[in-house]
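Notes follow the structure.
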Amino acid sequence: MTIAVGIVGCAGRMGKMLAKAVMDDNECCLSGGTENVDKFVGQDIGKLIGTEEIGRRVLDDTKELFNVSDVVIDFTTPKSTILNISVAKETETPLIIGTTGFSSKDDEFIRESVDRTVIVKSSNFSIGINIIQSEIEKISGMLGSQYDAEILEMHHRNKIDAPSGTAIDLGKAIANGRKQDFSEVARFIREGEIGKRQYGEIGFSTLRGGEIIGDHSVMFTSPNETIKFTHNAHSRSIFSDGAILAAKWSINAKAGLYSMQDVLRIS
Ligand code: NAD
25 MTIAVGIVGC
35 AGRMGKMLAK
45 AVMDDNECCL
55 SGGTENVDKF
65 VGQDIGKLIG
75 TEEIGRRVLD
85 DTKELFNVSD
95 VVIDFTTPKS
105 TILNISVAKE
115 TETPLIIGTT
125 GFSSKDDEFI
135 RESVDRTVIV
145 KSSNFSIGIN
155 IIQSEIEKIS
165 GMLGSQYDAE
175 ILEMHHRNKI
185 DAPSGTAIDL
195 GKAIANGRKQ
205 DFSEVARFIR
215 EGEIGKRQYG
225 EIGFSTLRGG
235 EIIGDHSVMF
245 TSPNETIKFT
255 HNAHSRSIFS
265 DGAILAAKWS
275 INAKAGLYSM
285 QDVLRIS
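My numbering applies: residue 25 is where the sequence shown begins, and numbers increase by one.
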C-alpha cells in the first residue's frame, strides 16, 4: 500500500524539504500541500520545490488536503497547527506535528484532542536528538543537582520562538531524571544583578544568527568537571526523514498522543 502524505505549509523551509522527501520515498506519495500565502496558492508543488511539475497545485483549503491524505505532516505555526488538529479529529486522519512554540494552553488542547485520531508531536524529529534526550534523562538522575545543568541552543535568524522546543524538551528530560518540577527549576532569563546560581536550576541560553539549522548542547558542570552533549544538525533532512518515519508508523497506531521516542521505541 502506498501511503498518501499531505504537507501543510509546503512552501516553508521544512515544508519544501518534506514534500520532496515524500516524493522520493517508495512507500509514500504526495497527496498535496497547503499554504496560506497567496503567492504560493495555485502554484505547481513540483515547481515550488525545485523539481519538474507534478500536476498538483498548492491548496489553501486544509480540509481538502486531509480528505485526500492517509496522514498529514504539519511544520507551520502554533496558530495554524491548532486549527489543523480540529480537521484531523473531524476526518480521523493521523497528524504529525513538528511545529514548535506552543503555549501550555495549546499543549492542553492537544492532549485533549486525541480521542479519535493519532497525533505524533515532537519538537525534534531527528534520531540523534531523541537518543540524546533519552540518555540525558538517565544521566541527570545519576548526577543529581550537584551538577549544574545548562542548555545552549543556536538557530537561524528567522526562527520565531525561543528557547527552541528541543531545548525545552531537553530541559524537561533533565528535570524528569532528577524528579524535579520543570516549571520550578527552569531559568530562561539572566540579566543584571541575578545573585548566585541556585542548586537544581536548569539554565537556558539562546543564540540566533545566519542559516544555522539547529545546534544544541547540554552541559553538566561540577567543581571538577564538565560533561557535555552536543548535537549539530547539518541538514533539515534529519527532521523530514524522522517525520516521514513517524507518518508511516502512525498509520497502524491507536488513537492517542505520541512522541518521536514512541516511534523509535526509546521512551
Ligand atoms: P517557515 O516559516 O519556513 O515555514 C512555515 C510555513 O508554514 C510557511 O511557508 C507559512 O506560509 C506556512 N503556514 C503558516 N500558516 C499556515 C496555514 N494556516 N496554512 C498553511 N500554511 C501555513 O518555518 P520552518 O523553518 O519550516 O519551521 C516551521 C516550524 O517547524 C517551526 O515551528 C519550527 O520551529 C519547526 N521545526 C521543527 C522541527 C522538528 O524536528 N520538530 C525541525 C525544524 C523546524
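Glycine included, C-beta positions come from ideal geometry on N, C-alpha and C.
Can you name the start and end residues of the beta strand (DSSP E) that residue i belongs to?
i	result
R232	I226 to R232
G280	G280 to Y282
D193	Element bounds for D193: not the beta strand (DSSP E) but the alpha helix (DSSP H), G189 to G201.
M178	D172 to H179
M243	D239 to T245
V142	V142 to K145
F253	T250 to N256
Could you spell out the range, first to last residue, of the alpha helix (DSSP H) harbouring residue i?
i	result
F263	S261 to S274
F133	S128 to R135
A35	A35 -> no alpha helix (DSSP H), and no H or E assigned at all.
N154	I151 to L167
S207	F206 to V209
Are residue i and residue j closer than 7 Å when you measure CB to CB?
i	j	result
S147	T190	yes
V287	A271	no
G201	G165	yes
L194	S229	no
S246	L42	no
S137	S93	no
I160	A210	no
I69	S150	no
E174	G238	no
L281	I192	no
F90	T115	yes
E235	H180	yes
D185	G125	yes
Rounded to a whole number of angstroms, what is the C-alpha to C-alpha distance between residue i and residue j?
i	j	result
N154	H255	10 Å
A267	E76	24 Å
P102	I275	24 Å
R140	K113	6 Å
V242	G233	20 Å
I156	V46	26 Å
D98	T105	7 Å
V65	P118	24 Å
R260	N182	15 Å
E208	G168	16 Å
T86	G216	47 Å
I31	M178	26 Å
I121	G33	12 Å
D205	L83	43 Å
G152	A199	20 Å
K145	I78	29 Å
F253	I218	26 Å
For chain B, check one thing: does any of its Cβ atoms lie closer than 7 Å to the Cβ of residue i?
i	result
R232	Among the protein chains of the structure shown there is no chain B, as only one such chain exists.
Strictly by DSSP, which residues pair up with residue i?
i	result
A28	C53
I121	D98 and K145
For ligand 3, is there any heavy atom lying closer than 6 Å to the beta carbon of residue i?
i	result
N60	Although ligand 3 was asked about, the structure shown includes only ligand 1 as ligands.
Starting from the N-terminal side, write out each stretch of the alpha helix (DSSP H) that is 4 residues or longer and does not extend beyond the stretch 47-114.
69-72 and 86-91
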